[in-house]
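Using the numbering used here, read the sequence shown as starting at 1 and increasing by one per residue. For each residue, glycine too, the CB sits at the ideal point set by N, CA and C. None of the values given here were measured: they were computed from a predicted structure.
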Amino acid sequence: MLRRCLLLAALLASTACAPLSAQPLVRMAIVDRDSGQWLPEYRHRGDRWIAGTPAHRYGVRLANTSGERVLVVLSVDGVNAVTGETAGPQQAGYVLDPWENAEIDGWRKSLDDVARFVFTDLPDSYAARTGRPDDVGVIGIAVFREARPLAVLQEAPAPMAGAARAKAAAPA
Numbered sequence: 001m002l003r004r005c006l007l008l009a010a011l012l013a014s015t016a017c018a019p020l021s022a023q024p025l026v027r028m029a030i031v032d033r034d035s036g037q038w039l040p041e042y043r044h045r046g047d048r049w050i051a052g053t054p055a056h057r058y059g060v061r062l063a064n065t066s067g068e069r070v071l072v073v074l075s076v077d078g079v080n081a082v083t084g085e086t087a088g089p090q091q092a093g094y095v096l097d098p099w100e101n102a103e104i105d106g107w108r109k110s111l112d113d114v115a116r117f118v119f120t121d122l123p124d125s126y127a128a129r130t131g132r133p134d135d136v137g138v139i140g141i142a143v144f145r146e147a148r149p150l151a152v153l154q155e156a157p158a159p160m161a162g163a164a165r166a167k168a169a170a171p172a
């Protein structure tokens, strides 16, 4: 019995010491724009899944959970939501201030216009119609902390040679 209690105590102690960095910098959620419902996430074999209703529009909510600015590169169906290019982590994204949320409703066509995200069959998807069907159904983010500027240390100006001698020779 004592052995079981010690094992349980050790197990509880190890879970209490989880690193703070285990929390993601940004949380992502999906909302069905036609029903207004947040879609539940299901986990299966290490992957996360959502079930969307065919032909319904949806949005992606990004929530910065940190006290620092971050860049979020959002990819839907393998297409960057800002640039429309085949997705890659080195591309443009959304800058979120500390604790800020953003809701993205489609691929950006201009500052004022988006091509809405819609749950659809593979042949009708934006990615397939543009020749990039490999990642249809995948919504992903790459998150980067803002680079902090390096502190620039400036050297103090060198004392003037004559000023030091004049000060030493001055009457007290």
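How far does the alpha helix (DSSP H) with Arg129 in it reach, from first residue to last?
Tyr126 to Arg129
Please work out which residues of its chain come closer than 7 Å, Cβ to Cβ, to Arg108, disregarding the five sequence neighbours upstream and downstream, and give them in chain order.
Ala81, Val82 and Val114
Rounded to the nearest angstrom, what separates Asp34 and Thr65 at their Cα positions?
27 Å
Would you call the segment 68-87 and the segment 120-130 touching, i.e. three or more CB-CB distances under 8 Å?
yes
What are the residues that DSSP puts in a beta bridge with Gly106?
Arg116
Terminal residues of the beta strand (DSSP E) in which His56 lies:
Run containing His56: none; DSSP gives neither H nor E here.
Quick one: is Val143 buried, meaning 16 or more other Cβ sit within 10 Å of its Cβ, or exposed?
buried
From Arg116 to Gly36, what distance separates their C-alpha atoms?
15 Å
Identify whether Asp135 lies in helix, strand or coil by the three-state DSSP scheme.
helix
Measuring only the C-alpha atoms, how far is Tyr58 from Phe119?
7 Å
Buried/exposed call for Leu122, threshold 16 Cβ in 10 Å:
exposed
Around the C-beta of Tyr42, are 16 or more other C-beta atoms found within 10 angstroms, so that it is buried, or is it exposed?
exposed
Cβ-Cβ distance between Glu100 and Ala63 below 9 Å:
yes
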